[in-house]
Amino acid sequence: MQTVLTSLLRTKIQFYKYLKPRTNVVTYSQLRQITMFPNNNQKQFNDDENIENESHNLVGSLSTTHKVFEDENAEIIFDVSEKQEMINLEDLRIEEEPHDPYEGINLKRGVNGVFEIEDLISLLQKSNAKNIFVTSVPSELQYVDYVVIVTGRSKKHMQSLANFIRKVYKLKKNKTDFLPKIEGEDSKDWLALDLGNIVLHIFSSFARSLYDLETLWSVGPDYDDKSRGSTDEDIMEQYNTFLSDLEPIENNGDDKKSEMYRQ
Numbered sequence: 190m191q192t193v194l195t196s197l198l199r200t201k202i203q204f205y206k207y208l209k210p211r212t213n214v215v216t217y218s219q220l221r222q223i224t225m226f227p228n229n230n231q232k233q234f235n236d237d238e239n240i241e242n243e244s245h246n247l248v249g250s251l252s253t254t255h256k257v258f259e260d261e262n263a264e265i266i267f268d269v270s271e272k273q274e275m276i277n278l279e280d281l282r283i284e285e286e287p288h289d290p291y292e293g294i295n296l297k298r299g300v301n302g303v304f305e306i307e308d309l310i311s312l313l314q315k316s317n318a319k320n321i322f323v324t325s326v327p328s329e330l331q332y333v334d335y336v337v338i339v340t341g342r343s344k345k346h347m348q349s350l351a352n353f354i355r356k357v358y359k360l361k362k363n364k365t366d367f368l369p370k371i372e373g374e375d376s377k378d379w380l381a382l383d384l385g386n387i388v389l390h391i392f393s394s395f396a397r398s399l400y401d402l403e404t405l406w407s408v409g410p411d412y413d414d415k416s417r418g419s420t421d422e423d424i425m426e427q428y429n430t431f432l433s434d435l436e437p438i439e440n441n442g443d444d445k446k447s448e449m450y451r452q
């Protein structure tokens, strides 16, 4: 009987101990261990004694297989406009190599004139002049050694050609050499430069085919219908008349809107 009472009393004491409020602190690591080992009776958490160091923490356990994300190591992703601005700024930082517009050009004065004919042709080719025509002029005419005729792609290109030739002439010439004037600056179809020993004509495609100076200077009176039976003096007179009377007029025709010239 006494043994039975003792057993009941002990059971009652254990029951009250079980009902007594517990003050133990449960950490996240302990909860995680319970999840990982639900059936392991050896994994218990009475106090913080089972936690030996911070390696059982969540971040520590993840670091074994994953890299911890930090803002400092994050790649900055730009939108399209920001990326373009960054590229443009990089282009501005690149120092451009200085470009010499006269590189490869002979800036030494020629013997027969400021320009030798070979130097002028090379310069016109470098400047993309079209259909370069060169003819020599008889010495008895006492005019120039050569007449050069080229075609410009546009009015802007024609003006660019004339200005560039004049600038190179200025660099090549001696102090006693004159500086040529660009004739026909107000014209859309014709410009000319008297370079001393060479005369340069710059035409538009329309004006060049209209006046056909190549035929006047090249084939001579035997093959030119316009000057058949003419002497060299007559050809020179026609050419001088062309130069002296060349003036712009406006063409009001429906099919020709470009500026014309009266010879």
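The opening residue of the sequence shown carries number 190 in the working numbering; numbering runs sequentially from there.
C-beta atoms are modelled at their ideal positions from N, C-alpha and C, and glycine is treated no differently.
Rounded to whole angstroms, what is the Cα-Cα separation between residue i and residue j?
{"i": "P369", "j": "S325", "result": "20 Å"}
{"i": "V408", "j": "D401", "result": "12 Å"}
{"i": "G302", "j": "L399", "result": "31 Å"}
{"i": "D308", "j": "H390", "result": "16 Å"}
{"i": "G299", "j": "L382", "result": "17 Å"}
{"i": "Y358", "j": "F304", "result": "7 Å"}
{"i": "L405", "j": "N320", "result": "16 Å"}
{"i": "D378", "j": "Q348", "result": "10 Å"}
{"i": "Y335", "j": "G385", "result": "10 Å"}
{"i": "Q314", "j": "I294", "result": "12 Å"}
{"i": "F367", "j": "S376", "result": "23 Å"}
{"i": "I310", "j": "I354", "result": "11 Å"}
{"i": "V248", "j": "H288", "result": "Its pLDDT being 49, under 50, V248 is placed unreliably in this model, and the value from its coordinates should be taken loosely. Those two C-alpha atoms are separated by around 60 Å."}
{"i": "Q331", "j": "P290", "result": "35 Å"}
{"i": "E374", "j": "L380", "result": "6 Å"}
{"i": "I387", "j": "K362", "result": "14 Å"}
{"i": "L350", "j": "P327", "result": "27 Å"}
{"i": "K356", "j": "I306", "result": "17 Å"}
{"i": "L296", "j": "E329", "result": "30 Å"}
{"i": "H346", "j": "L360", "result": "21 Å"}
{"i": "L312", "j": "E292", "result": "11 Å"}
{"i": "N317", "j": "I371", "result": "19 Å"}
{"i": "I338", "j": "F322", "result": "5 Å"}
{"i": "T365", "j": "V333", "result": "19 Å"}
{"i": "N352", "j": "E403", "result": "23 Å"}
Since residue i is in the alpha helix (DSSP H), which residue starts that stretch and which ends it?
{"i": "L346", "result": "Note on identity: in this sequence residue 346 is His, with Leu being the wrong assignment. Residues 344 to 361."}
{"i": "L389", "result": "No alpha helix (DSSP H) holds L389; the beta strand (DSSP E) holding it covers 387 to 392."}
{"i": "L384", "result": "Here L384 belongs to no alpha helix (DSSP H), and DSSP marks it neither H nor E."}
{"i": "L402", "result": "402 to 406"}
Could you name the residues that DSSP lists as bridge partners for residue i?
{"i": "E374", "result": "Answer is none; E374 lacks a bridge partner."}
{"i": "L380", "result": "I391"}
With a threshold of 7 Å, establish whether the CB of residue i neighbours any heavy atom of the ligand SAH.
{"i": "H288", "result": "Of ligands this structure carries none, so the ligand SAH is not represented either."}
Please specify which runs of the alpha helix (DSSP H), each continuous and at least 4 residues long, are wholly inside the segment 293 to 341, giving them in chain order. 306 to 315
Taking one C-beta from the segment 336 to 345 and one from the segment 384 to 401 each time, how about it: are there three or more such pairs within less than 8 Å? yes
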